[in-house]
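Student: Numbering (this note's numbering), first residue to last: 2 to 537. From the three backbone atoms N, C-alpha and C, an ideal C-beta is built for every residue, glycine too.
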Ligand code: 3NM
Ligand code: MG
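1) Taking the Cβ atom as the reference point for each residue, do residue 372 and residue 187 lie within a distance shorter than 8 angstroms?
2) Any heavy atom of the ligand 3NM closer than 7 angstroms to the beta-carbon of residue 177?
3) If you follow the beta strand (DSSP E) that residue 62 is part of, which residue opens it and which one closes it?
4) Distance check for residue 305 and residue 83, CA to CA, integer angstroms please.
5) From residue 383 to residue 352, what distance separates their C-alpha atoms?
6) Residue 135 and residue 88: beta carbons closer than 8 angstroms?
7) Label residue 327 either buried or exposed according to how many other C-beta atoms from any shown protein chain fall within 10 Å of its C-beta, with 16 as the threshold for buried.
8) What is the DSSP secondary structure of residue 253, counted as helix, strand or coil?
9) Got a sec, what are the start and stop residues for the alpha helix (DSSP H) residue 512 sits in?
10) Return the chain-ordered list of same chain residues with a C-beta closer than 6 angstroms to the C-beta of residue 516, the five sequence neighbours on each side being excluded.
11) Under three-state DSSP, which class holds residue 114?
12) Helix, strand or coil for residue 533, going by three-state DSSP, please let me know.
13) Hey, how far is the Cα of residue 100 from the Cα of residue 33?
14) Let me know the beta strand (DSSP E) ranges lying completely inside the segment 342 to 386, each 3 residues or longer, listed in chain order.
15) Can you grab the Cα-Cα spacing for the pair residue 139 / residue 77, in whole Å?
16) Could you check what DSSP says for residue 322 in three-state terms: helix, strand or coil?
17) In whole angstroms, what separates the C-alpha of residue 248 from that of residue 254?
18) Report yes if the CB atom of residue 431 is closer than 8 angstroms to the CB atom of residue 317, and no otherwise.
19) By how many angstroms is the C-alpha of residue 312 removed from the C-alpha of residue 238?
20) Would you give the residue range spanned by the beta strand (DSSP E) that residue 137 belongs to?
21) Relative to the ligand 3NM, is the shortest distance from any of its heavy atoms to the C-beta of residue 207 smaller than 7 angstroms?
22) Less than 7 angstroms separating the Cβ of residue 45 from some heavy atom of the ligand 3NM?
23) Report the residue from 163, 444, 209, 347 whose alpha carbon sits nearest the alpha carbon of residue 423.
24) From the beta carbon of residue 148, is the nearest beta carbon of chain B less than 8 angstroms away?
25) So does residue 421 have its beta carbon nearer than 7 angstroms to some heavy atom of the ligand 3NM?
26) Does the distance from the C-beta atom of residue 448 to that of residue 482 stay below 8 angstroms?
27) Could you check if residue 282 is buried or exposed, using at least 16 other CB atoms within 10 Å of its CB as the buried criterion?
28) Would you call residue 112 buried or exposed, if buried means 16 or more other Cβ atoms sit within 10 Å of its Cβ?
29) Taking 7 angstroms as the cut-off, is the C-beta of residue 565 nearer than that to any heavy atom in the ligand 3NM?
30) In whole angstroms, give me the CA-to-CA distance for residue 376 and residue 508.
31) Quick one, which of 451, 354, 337, 298 has its alpha-carbon nearest residue 348's?
32) From residue 133 to residue 9, what does the alpha carbon distance come to, in whole angstroms?
33) Where are the beta strand (DSSP E) runs, 3 residues long or more, that stay fully inside the segment 276 to 336, in chain order?
34) Could you tell me whether any non-hydrogen atom of the ligand 3NM is closer than 7 angstroms to the CB of residue 135?
35) Keeping to the same chain, check which residues put their C-beta closer than 8 angstroms to that of residue 182; ignore five residues upstream and five downstream.
36) Tell me the DSSP secondary structure of residue 176 in three-state form.
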């Protein structure tokens with residue numbers, strides 16, 4: 002079919018409104034975008050008269066032809082016929098794909114907007130060459146979009162297509178809605194998350210943008226930057242875990258994790274990485290002390306603008322939602338953007354995430370603001386993150402309630418939730434509790450070190466986040482092993498401290514804990530480590 006050979010990687014959709022185009026000339030802006038490397042152009046103008054549409058389309062078509070780039074018209078098959086361009090793009094309210102095909106013939110490219118599996122199924126059945134899947138993120142460019150479906154909604158449709166008939170498997174796809182230079186790499190990275198059922202999952206063939214190019218100061222530079230970003234792995238992409246990690250040496254696996262954990266601990270201390278904490282008022286001082294005792298160098302800065310400089314110092318960021326405010330949220334977003342761009346690891350600590358609608362909303366905003374290398378929380382927090390990520394709990398799990406302090410899930414159930422969330426978000430997820438469960442979606446471990454005093458003092462969850470940030474910064478080779486090493490450091494120090502003779506309760510526990518974080522070393526770890534593989 003016509004649309005198969007087309008390069009969809011940087012798909013420009015135009016906009017002629019004052020808000021986005023401003024007073025500039027659309028033909029000039031599109032010309033700049035072509036010079037910058039857009040690979041396909043769709044002329045979208047919902048308001049101009051037919052005469053204007055045709056004359057503008059003719060000029061745009063000439064420019065595209067000069068660059069050998071396909072040119073499509075949004076919605077108006079009549080305009081496409083008048084101009085003789087390469088095809089059309091139809092929305093759900095426009096002429097359907099089959100009717101458009103009948104008018105345009107088999108040589109033309111026909112694309113359709115879809116936001117659900119059902120719409121995707123129908124569009125392919127009717128003969129669409131490609132699908133524009135959206136709305137990915139809320140955007141000012143198009144307010145009346147039907148559904149904001151996020152990464153998880155796009156992935157559901159891609160999964161359906163990847164498992165479908167030949168036409169569904171081969172249909173090309175782009176995603177649209179709120180795509181820009183700050184999120185393109187994360188979107189492509191997260192959409193490519195491997196699943197257990199689909200070793201080579203279907204992913205998008207491109208990103209479609211309006212304002213990121215048409216509204217840019219310099220549309221040529223914006224296009225060439227975006228096209229570069231689409232093909233380059235993001236700075237935060239991890240090395241894939243060693244192939245067949247288990248199968249090669251199952252018997253020695255825990256021993257080998259332990260060995261790595263010990264060497265990682267040494268490495269972190271030698272490196273003395275920066276741990277940048279954006280955290281709540283309650284734990285500032287304690288978190289800074291914990292950072293120092295695990296060998297990191299703390300900076301407590303909640304001002305987002307400062308992150309641009311701090312992110313370049315080789316450290317990691319903790320975003321702790323403990324005392325969330327609208328201003329705080331904007332600060333987090335700025336810092337997340339800066340660290341993602343610099344490739345500095347970010348730990349998300351979604352404190353109390355499920356508790357109020359404000360926090361659920363803040364969590365959703367943070368998760369669309371950027372990529373987190375590690376998400377840690379207790380059971381109810383991780384469940385809130387899982388829901389925000391589109392994860393459906395099975396009914397038996399849901400009935401059991403989630404907000405009690407005590408665990409309501411077995412370790413096996415926790416391992417399932419954590420590993421599927423990690424696979425979906427393509428990051429490391431840690432669910433804390435009497436037994437902590439940590440996974441990168443492939444490997445899953447449980448750690449049952451620790452002590453109940455951790456639950457009797459303030460900030461023990463938050464300062465674990467700080468510890469993990471130091472480890473992620475200090476050991477970039479493998480995020481999961483960095484997290485396991487940091488977790489063991491923290492939980493074992495608590496366990497050893499609580500058993501000291503001079504510790505008589507939570508009050509005396511705190512200074513002893515800081516001591517033991519500082520004294521932590523190979524011998525203690527080997528003596529008391531309780532680490533289990535719960536992957537299978
Ligand atoms: N269609 P921007 S969202 C034209 O969801 C369009 O179908 C959408 O603009 C859909 O790149 C959208 O500026 C606008 O966010 C996308
Ligand atoms: Mg339309």
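Tutor: Once the coordinates are examined:
1) yes
2) yes
3) Not the beta strand (DSSP E): residue 62 falls in the alpha helix (DSSP H), residues 51 to 67.
4) 51 angstroms
5) 10 angstroms
6) no
7) exposed
8) coil
9) 507 to 520
10) none
11) strand
12) strand
13) 34 angstroms
14) 347 to 350, 375 to 378
15) 25 angstroms
16) coil
17) Its pLDDT being 35, under 50, residue 248 is placed unreliably by the model, and the measurement read from it follows with that caveat. Residue 248 and residue 254: Cα-Cα distance of roughly 9 angstroms.
18) no
19) 16 angstroms
20) Unbroken run through residue 137: none, as it is neither H nor E.
21) no
22) yes
23) 444
24) Judged by its chain identifiers, the structure shown contains no chain B, having just a single protein chain.
25) no
26) no
27) exposed
28) buried
29) The requested residue 565 is not part of the displayed model; the chain covers only 2 to 537.
30) 29 angstroms
31) 337
32) 10 angstroms
33) 298 to 301, 317 to 321
34) yes
35) 213, 223, 226, 227, 230
36) strand
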